[in-house]
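By the count of UniProt numbering, the sequence shown reaches residue 715 at its end, each step adding exactly one.
Note that the Cβ used here is the ideal one computed from N, Cα and C, for glycine as well.
Quick notes on the structure that follows.
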Amino acid sequence: MNIVEVRNAYKFYGKKKSDHRTVLNQLNLTVSPGSIYGLMGASGCGKTTLLSCIIGMIPLESGRIDVFGKEITHFSLQKNGKRIGYMPQEMALVSDLTVKETIYYFGKIFQMDSDKLRDRYDMLHKLLELPPGDQLIQECSGGQQRRVSFASSMIHDPELLILDEPTVGLDPILREKIWNFILNITRTSKLAIIITTHYIEEARLADRIGLMRNGILLAEDSPSNVMNRMNVDNLEEAFLRLCLRKGVSDEVEDNTQEIIIEDNKNNNNELEMQQTITHRNLKDDKIDNHKKDDDEEDSNMRWRWQIIYAMIIKNILQIKRQPVAIVYLMFLPILQLYLIRYSIGRNPEGLKIGIVDDEILNHQECQVPGLVNAYAEGYTCEVNLISCRFLEKLTDDVGEKVFYTAFDDAFRDAKLGKLSAIIYFDANFTESYDEIKRYPDEAGPQTWKNSVIKVYMDQTDLQIQTFLQRRLYDVYKSYSESILSDCRLPTNLEGIPIVFEEPIFGSLKSDFQPSMVPAFVILSLFNVTASLTVAAFVAERKEGFWNRTLLAGVSTVEMMASHIAINLAVQLLQITEMMIMVYIYYDSHHYGSYGLIVILLLLVGISGLFFGVYISCICTEIMQSHILLLGITQPITVLSGMFWPVEGMPLVLKIISLITPTTYPGISLLNIIQKGYTLADSSVFLGFIVSSSWVILLSYFGLRTLRKKKFSRNT
Numbered sequence: 001m002n003i004v005e006v007r008n009a010y011k012f013y014g015k016k017k018s019d020h021r022t023v024l025n026q027l028n029l030t031v032s033p034g035s036i037y038g039l040m041g042a043s044g045c046g047k048t049t050l051l052s053c054i055i056g057m058i059p060l061e062s063g064r065i066d067v068f069g070k071e072i073t074h075f076s077l078q079k080n081g082k083r084i085g086y087m088p089q090e091m092a093l094v095s096d097l098t099v100k101e102t103i104y105y106f107g108k109i110f111q112m113d114s115d116k117l118r119d120r121y122d123m124l125h126k127l128l129e130l131p132p133g134d135q136l137i138q139e140c141s142g143g144q145q146r147r148v149s150f151a152s153s154m155i156h157d158p159e160l161l162i163l164d165e166p167t168v169g170l171d172p173i174l175r176e177k178i179w180n181f182i183l184n185i186t187r188t189s190k191l192a193i194i195i196t197t198h199y200i201e202e203a204r205l206a207d208r209i210g211l212m213r214n215g216i217l218l219a220e221d222s223p224s225n226v227m228n229r230m231n232v233d234n235l236e237e238a239f240l241r242l243c244l245r246k247g248v249s250d251e252v253e254d255n256t257q258e259i260i261i262e263d264n265k266n267n268n269n270e271l272e273m274q275q276t277i278t279h280r281n282l283k284d285d286k287i288d289n290h291k292k293d294d295d296e297e298d299s300n301m302r303w304r305w306q307i308i309y310a311m312i313i314k315n316i317l318q319i320k321r322q323p324v325a326i327v328y329l330m331f332l333p334i335l336q337l338y339l340i341r342y343s344i345g346r347n348p349e350g351l352k353i354g355i356v357d358d359e360i361l362n363h364q365e366c367q368v369p370g371l372v373n374a375y376a377e378g379y380t381c382e383v384n385l386i387s388c389r390f391l392e393k394l395t396d397d398v399g400e401k402v403f404y405t406a407f408d409d410a411f412r413d414a415k416l417g418k419l420s421a422i423i424y425f426d427a428n429f430t431e432s433y434d435e436i437k438r439y440p441d442e443a444g445p446q447t448w449k450n451s452v453i454k455v456y457m458d459q460t461d462l463q464i465q466t467f468l469q470r471r472l473y474d475v476y477k478s479y480s481e482s483i484l485s486d487c488r489l490p491t492n493l494e495g496i497p498i499v500f501e502e503p504i505f506g507s508l509k510s511d512f513q514p515s516m517v518p519a520f521v522i523l524s525l526f527n528v529t530a531s532l533t534v535a536a537f538v539a540e541r542k543e544g545f546w547n548r549t550l551l552a553g554v555s556t557v558e559m560m561a562s563h564i565a566i567n568l569a570v571q572l573l574q575i576t577e578m579m580i581m582v583y584i585y586y587d588s589h590h591y592g593s594y595g596l597i598v599i600l601l602l603l604v605g606i607s608g609l610f611f612g613v614y615i616s617c618i619c620t621e622i623m624q625s626h627i628l629l630l631g632i633t634q635p636i637t638v639l640s641g642m643f644w645p646v647e648g649m650p651l652v653l654k655i656i657s658l659i660t661p662t663t664y665p666g667i668s669l670l671n672i673i674q675k676g677y678t679l680a681d682s683s684v685f686l687g688f689i690v691s692s693s694w695v696i697l698l699s700y701f702g703l704r705t706l707r708k709k710k711f712s713r714n715t
């Protein structure tokens, strides 16, 4: 039984019929056990595409490929992965791992026994003259990395070894050692090797060669037979004559159906081929499978945890060797909470308020106690310079008072942005106030106008404006109560007939922070997890390491499980940090269940993980993926309710806001923390429902897209 059989393989690229570019054109190929098959051809002739189809990375448009006697499909990798060794044209290695860690990683995902893995590593390390085991891949030269890549494809002792330009960039001595190793192992075992090369002298060492041009196999035979048939003494000349003889043009027409394959004289040539390799101790029985067939494969499924564990260790080592990533993961939540604590929701400080008081010549007059007192005499009360009393209550925690003698000067500075507000008192402010209190029915319009404190504010900043309005109301209340007290009148005589009692939740002195922190924590977990997932997935896919791991038989579910395990650990650490910061260091009030908080935050983090997976599947470049991620997360942040209540949005935006992955979970987290609500409350329950729905939805589309685009073309 042949190891590989390709029959009538046809493959093109391009979605539209007019854009079709034929890569494989009715191609036939056969690889026997215990042989070296050299695939030759210029760059772009279809060699790499053919290899990708053989190992199941790319499906054919038509035709059939059998590997180990069974038709290869896009879903055969998990069964054949351990039987095939594949060395891609690119390095496809993780730069943050050491040489030993890289090779051991592939040994573990091939589920090798520890003793056998150690022996194979020592043998390959010596044979290939690998760099020291503790040397990082990123510190290796190009040739060293290629040797590590070759060792990784050989570590599990495969039955079929596929090498795509393995000796490019290697010195002649090492190239000779590798070929001696390849020749020796095929003589002493049933290992079949398919190797692509540009070196004509290397191809002569192969038992069988295939000469490709523009997706067509011009000839398939032993090197000596090809040269004899063309009456030349070198393969390069034979290749040239084949091209001229068959009239193969640079552009293959779509209707090209002619299969230009040299007749191998059927039984005679097959017999000749067998004679050249009889010394390799091959028998006519079927191939001895290392893992036998499907039943034995299923029995080994219990060991799949070894694969997940190997990938988890790989992810941990990558993070460990990225100090910037460690700082980002460990300290970013702490830094952000610190910044929120001291930069958002706090009362503005350093505001300057212009004071124009026409009642006095100099503001120093307000420091004279006798001039600002109020005297109660019988049923009357004499008040003096009550504008000074108001200014006395206007303390520096509201704003710094800047005195002006002319209103125009104050107004000019306000226009220049030097003042946040101007407070103006008319010259007869006190007299007008006193007249209204004594004879309100007789007071004229001008008197009423002069008794009013006039405030001119910069309305461009709503937060500062709201703060000043609230504080000026408080100042007026205190000022009014002090006058009434000195006049021996009830202090609530001039108050608004509304009393704000003890709040149902929170306190009367609450600021913006308690309502902002839950939404921020939710957004931070979702966005950080999504961005880290995108960075990790796109980088691995772009470097080719993702494809190489899948070709080893690892399933997408197993790869996702390893990433979820790492993300859950990181999220638990971040959640612990944030809870320590909020509830211990900042001594914030908390009334709900810690368990509910942790579960809700983990759900949000997992939804962010699968969101990142989905983004990384539809993007091929890191910059492209981060731009798309930013374009989605920014509107989500705006609609989260952190900056403005959801109730203030139009109906359509409100609906969109509430179904995003962060808004309702943020509301639920706020209600758990500040109100002590449980799952029995709808606002908490719906937050869990929304978050769980996003986990299910994003995991479904993420894994579906991941399977559909299992192998990225950009690699």
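*Residues bridged to R7 by DSSP?*
DSSP output for R7 lists R64 as bridge partner(s).
*Residue interval of the beta strand (DSSP E) (run including M560)*: Unbroken run through M560 is the alpha helix (DSSP H), T556 to I580; no beta strand (DSSP E).
*Whole-angstrom Cβ separation of M457 and Q463, contact assumed at under 8 Å?*
Actually they are not in contact, since the Cβ atoms of M457 and Q463 sit about 12 Å apart, beyond 8 Å.
*Along the alpha helix (DSSP H) that carries G315, what are the first and last residues, could you check?*
The sequence as given places Asn at residue 315; Gly does not occur at that position. N315: member of the alpha helix (DSSP H) spanning R304 to K320, first to last residue.
_Coarse secondary structure for C140, derived from DSSP in three states_ = Three-state result, C140: coil.
*Rounded C-alpha distance that separates E202 from E220*: Straight-line Cα distance between these residues: approximately 16 Å.
*Would you please state the rounded distance, in angstroms, between the beta carbons of E558 and I312? I believe it to be under 8 Å.*
In fact, because the Cβ distance is near 10 Å, the residues do not count as touching under 8 Å.
*Give the range of the beta strand (DSSP E) segment to which G107 is assigned.*
Here G107 belongs to no beta strand (DSSP E); instead the alpha helix (DSSP H) covers V99 to I109.
*Tell me A421's beta-bridge partners as DSSP assigns them.*
Bridge partners of A421: I353 and M457.
_Contact set for L160: own chain, Cβ-Cβ below 6 Å, skip 5 residues either direction_ = Within the same chain, L160 has close Cβ partners I3, I84 and A192.
*Burial state of F643, where buried means 16 or more other Cβ atoms lie within 10 Å*: Classification for F643: exposed.
*Give the range of the beta strand (DSSP E) segment to which N25 is assigned.*
It spans R21 to V31 - the beta strand (DSSP E) in which N25 sits, taken as one unbroken run.
*Assign S682 to one of two classes, buried (16 or more other C-beta atoms within 10 Å of its C-beta) or exposed (fewer than that).*
Classified as exposed, S682 has fewer than 16 neighbouring CB atoms from the shown chains inside 10 Å of its CB.
*If we ignore side chains and look at the alpha-carbon of each, how far apart do R245 and G34 end up?*
Their backbone Cα atoms lie some 32 Å apart in a straight line.
*In the DSSP assignment, what are the bridge partners of G631?*
DSSP lists no partner for G631.
*A192 - DSSP class collapsed to helix/strand/coil*: Correct three-state label for A192: strand.
*asked:* Output needed for A325: all residues of its chain with C-beta closer than 7 Å, excluding positions within five of it in sequence on either side, in chain order.
replied: The beta carbon of A325 sits closer than 7 Å to those of I319, all from its chain and outside the five residues before and after it, given in chain order.
*If you run the structure through DSSP and keep just helix, strand and coil, what is V452?*
Three-state DSSP puts V452 in coil, outside helix and strand.
*Tell me whether I439 sits in a helix, a strand or coil according to DSSP, three-state version.*
It is Tyr, not Ile, that sits at residue 439 in the sequence shown. Annotated three-state conformation of Y439 is coil, per DSSP.
_Simplified DSSP assignment, three categories, for G210_ = G210 falls in the strand class under three-state DSSP.
*Determine the closest residue to V168 out of L416, M227, I185 and Y199, with distance taken between C-alpha atoms.*
Out of L416, M227, I185 and Y199, Y199 has the C-alpha closest to the C-alpha of V168.
*Pick from C140, F68, L679 and S114: whose alpha carbon is nearest that of L97?*
The candidate whose alpha carbon is nearest that of L97 is C140.
*F12 bridges to which residues according to DSSP?*
Looking at the DSSP output, F12 shares a beta bridge with T22.
_K47 classed as buried or exposed, judged by whether at least 16 other C-beta atoms fall within 10 angstroms_ = With at least 16 other beta carbons inside 10 angstroms of its own, K47 counts as buried.
_Whole-angstrom C-beta distance between E494 and S480, which should lie under 8 Å_ = Rounded to whole angstroms, the Cβ separation of S480 and E494 is 5 Å, and the two are in contact under 8 Å.
*Kindly indicate which residue of E647, F467, S562 and Y37 has the alpha-carbon position closest to the one of K314.*
Ranked by Cα distance from K314, the first of E647, F467, S562 and Y37 is S562.
*Along the chain, where does the beta strand (DSSP E) that runs through D164 open and close?*
Looking at the DSSP string, the run of the beta strand (DSSP E) that includes D164 is L160 to D164.
*With distances taken between CB atoms, is the gap from A680 to G612 smaller than 8 Å?*
No, the pair does not count as a contact, with Cβ atoms beyond the cut-off.
*Can you tell me where the beta strand (DSSP E) with D221 in it begins and where it stops?*
Per DSSP, D221 belongs to the beta strand (DSSP E) from I216 to D221.
_Residues of its chain near K100, where Cβ-Cβ distance is below 6 Å and the 5 sequence neighbours each way are ignored_ = Within the same chain, K100 has close Cβ partners G133.
*Determine the burial state of T278: buried for a count of at least 16 other Cβ atoms within 10 Å of its Cβ, exposed for fewer.*
Note that T278 has pLDDT 36, beneath the 50 cutoff, so the model's placement of it is unreliable and the number below is only indicative. That one is exposed.
*Assuming residue 718 and G38 form a contact by the criterion Cβ under 8 Å, report the distance between their Cβ atoms to the nearest whole angstrom.*
Residue numbering for the chain in the displayed model covers 1 to 715; residue 718 lies beyond these limits and cannot be assessed.
*In chain order, what residues of the same chain lie with their CB nearer than 6 Å to the CB of residue 716, ignoring the 5 residues before and after it?*
With the chain represented from 1 up to 715, any question about residue 716 goes unanswered, as that position is not in the structure.
_Measuring straight from C-alpha to C-alpha, what distance separates N300 and K108?_
Since pLDDT at N300 reaches only 47, below the 50 mark, its modelled position is unreliable, and the value read off the structure follows with that caveat. Taking the Cα positions, N300 is about 14 Å away from K108.
_Using a 10 Å radius around the Cβ and a threshold of 16 neighbouring Cβ atoms, would you call L651 buried or exposed?_
Exposed.
_C-alpha gap between R233 and W179, whole angstroms_ = Before going on, a small fix: residue 233 reads as Asp here, not Arg. C-alpha separation (whole angstroms): 22 Å.
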